[in-house]
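Numbering (the working numbering), first residue to last: 11 to 884.
Here the structure comes first, spelled out in structure tokens, and everything after it is commentary.
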Ligand code: B3K
Ligand code: ZN
């Protein structure tokens, strides 16, 4: 147990930095266990007051500290576990520090560490302080020159910016010097040294400059970087066209590493990627991998303007770069792959992660006001809801004003660290709108509940919409204010045809109703028939909508809503109601048949995109359903969902078989959206077929697995076999392992598919796998593949009534916290929502959280999440 309670950092305590560093020269003498870092900083006092100098520094072995060339005696400076203090310094001076660090034993993967025999760095948010003494905060912007010296076996020596010189040194060593002309906060610093292959290309920017593009990967892997390179070039062109943003250096590099705490990092000119989000070819990566690579490559590249050129004043402003950059990458993916399908996937992810977060102990605003460890706030709320807020802003002020506001933001804040207020001010200025009420979206946590009631007046041909909003309390925010919520509305006639109407005298097919008070009443005129209301089209706001519309309206929407988001949503709503009804003990077989029939008709719509049909065919996930059930009973949900799966599988048997045979990939593999959509539909059909206990289904799944010529289908076959279980599944698992044992990214999939084992053997299997020779808890990808997949994507088994799933997760959290607190903290979430479950399960979950909290030497990261989860409500 911790002896002292860590103190939160508060937004209201923000003070500008007491000292600035205009320039720095960093010299690295790289050795796996004893790397020397010599830093020479041009430091200047910021403001009038001569405060003692206090720089951050952790796990550094100090060698010397000098001010203007004079080495300080130990009495002239203090070094504690968190940094360096020098009581009296001049207004401007040169600080030289020399420290030693141990990259090889750095298993927290923060600062400078080693992965696969190479040196690499991860500094965001607060890792730079593990490299040298520094004012480690994003509002200190400096020009970096970096000299790297290493043994020649570390063939490539890379850092940010441009290469100034390189050459050989005596003793089998060599060096390189890099300079980054753009001032940047230290969290964007990066260094890589090691043996790597490189894939090279060039791009001509809109002003005609040639940029060299280099992707560095493990030896032999360069062909697997081709898709990332293609995605990079498309992203660079897209940012020029969509936002007028040109790349600024002559060189852009990406390095892939296997040991990385999260997805990727936008270091200036030198992005570092988790290899799982960079390497792909048809044989080893699935369509979902290709899709994620495209979006993450774009995301990190887009950060060059939204994050690097313009950065955050403090970490409370994290959404300023993350929400905005997610908005940009989602827009890019929509342009690349189709907006409707992209929107559905984005909303599914938002609901699964962000809506769940809002219902749990970590519910926080898009801009939080306090934290213990900023690492815990790289959340779905900051990223995904942060993007939703920008999307609403664009809907409210219109695309032209939005673009003007972005232009103004880029012009005004380029080269600075700024705040969300300043960002919003740009849009208020260009649109002439008062956006002060809108700002509440940044400060208020929770998912608003919106209700909609409609009344049709046949004589007056009017439709009156009555809307109301209410946001449930979240920890620390018991009362909520109304938010401006854009609700996009269209009407259909009873046959599903678009019904035009009038709003303020104008004939329209669709309108945006802004609900900005607790309630609102809007009357639409010129409505010629009793309409089906299609509300919240495109999911125009991140809210939970309930309407008074009868079920039959949902069927009309499922068949015909021209807004594909709402067409999909209608199907999900119907399925959710059926499953939850059955889980609550009220099965409705007639409606289940009716639903299966409607899904069958939607599937036979030849005009519909296969990717869309695949989404339509997939039932809401068990976690999604758990959010709508109070208290949640995962076993009941699992059974009820399986029952509906079986109903669909039987009812649609012929159609599913037809899809499965008809869509087999025969030609050359293409990772594009069309090919991926066909494969998604075929694999989703197979997945549903496995609900049917007929023996020939197992043969079909086995045949699917064995005939697969790409990883998407191979995994489709393998997970279908896992759904069925038995000898065929075990044989396929063995075959898969033998085939891919030397491919770590593929073996991650092998662990993950077993973590999703739907059978009662799941927990035993997962426990057994932790002892498998290929299991390595120190590698975050592997740990996530097994532990996180089990806890997040196998709810029925994780929530085993014996509590064994919870015990397993808590053991993993405690063990991981000993070497990688950031990753340990990311595992806490599945236990954190204990209050939402049945009292028996909740008590078992709570007991595990209490056990974690009692652990000796617990990190701040885990402490923050566990103590919040256990805190009294309110
Ligand atoms: N900015 C990084 C995330 C860093 C997470 C640090 N705990 C990747 C991204 O969002 O682009
Ligand atoms: Zn980002």
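Where is the CB? At the ideal position from N, CA and C, for every residue including glycine.
- Between the segment 596-614 and the segment 626-644 there are three or more C-beta pairs closer than 8 Å, enough to call the two in contact.
- In the three-state reduction of the DSSP assignment, residue 838 falls in the coil class.
- Relative to residue 221, the option among 335, 63 and 247 whose CA is nearest is 247.
- Burial of residue 822 is indicated by the presence of at least 16 other C-beta atoms within 10 angstroms of its C-beta.
- Residue 592 sits buried, since 16 or more C-beta atoms from the chains shown fall within 10 Å of its C-beta.
- Under the three-state reduction of DSSP output, residue 144 falls in the strand class.
- Exposed is the label assigned to residue 748, since fewer than 16 other Cβ atoms lie within 10 Å of its Cβ.
- Look at the beta carbons and you see the segment 648-667 not touching the segment 712-726: under three pairs across the two are nearer than 8 Å.
- Residue pairing by DSSP places residue 467 opposite 472 in a beta bridge.
- As DSSP reads the structure, residue 204 sits in a beta bridge with 166.
- Shown here for residue 176: same chain residues with a beta carbon closer than 6 Å to its own, the five before and five after excluded, namely 186 in chain order.
- Contact check between the segment 534-552 and the segment 458-472: three or more CB pairs, one atom from each, fall below 8 Å, which counts as touching.
- Going by DSSP, residue 188 is part of the beta strand (DSSP E) stretching over 183-194.
- Shortest Cα-Cα distance from residue 131 to any of 665, 198 and 224 involves 198.
- Under the 10 Å beta carbon count, residue 434 is surrounded by 16 or more other beta carbons and is classified as buried.
- Check the Cα spacing between residue 42 and each of 136, 138, 202 and 154: the tightest is with 202.
- Distances from the CB of residue 68 to the heavy atoms of the ligand B3K are all 7 Å or more.
- Every unbroken stretch of the beta strand (DSSP E) spanning 3 or more residues and falling wholly within the segment 427-469 is given here in chain order: 459-467.
- For the 8 Å CB-CB criterion, residue 536 and residue 471 form a contact.
- A heavy atom of the ligand ZN is found nearer than 7 Å to the CB of residue 276.
- If you keep only unbroken alpha helix (DSSP H) runs of at least 4 residues inside the segment 514-539, you get nothing at all.
- The beta carbon of residue 317 lies closer than 7 Å to those of 276, 331 and 335 in the same chain, with the five residues before and after it left out.
- For residue 355 and residue 306, the gap between their C-alpha atoms comes out near 15 Å.
- By the criterion of a C-beta distance shorter than 6 Å, residue 81 is surrounded in its chain by 74, once the five residues flanking it on both sides are discounted.
- Excluding its 5 nearest sequence neighbours in each direction, residue 532 has C-beta neighbours in its own chain below 6 Å: 475 and 523, listed in chain order.
- 226 is the residue among 557, 226 and 579 whose C-alpha sits nearest the C-alpha of residue 206.
- The C-alpha of residue 143 is placed about 6 Å away from the C-alpha of residue 65.
- Residue environment for residue 115: exposed (fewer than 16 other C-beta atoms within 10 angstroms of its C-beta).
- Per DSSP, residue 397 is one residue of the alpha helix (DSSP H) stretching across 396-407.
- One thing to note: residue 129 has its Cβ no nearer than 8 Å to the Cβ of residue 36.
- Residue 303: member of the alpha helix (DSSP H) spanning 297-312, first to last residue.
- For residue 215 and residue 245, the gap between their C-alpha atoms comes out near 12 Å.
- Remark: the C-beta of residue 273 is in contact range of the ligand B3K, defined as less than 7 Å to any heavy atom.
- Counted as a single uninterrupted DSSP element, the alpha helix (DSSP H) harbouring residue 849 occupies residues 849-863.
- The Cβ-Cβ distance between residue 477 and residue 559 does not fall below 8 Å.
- Residue 309 has its Cβ nearer than 7 Å to a heavy atom of the ligand B3K.
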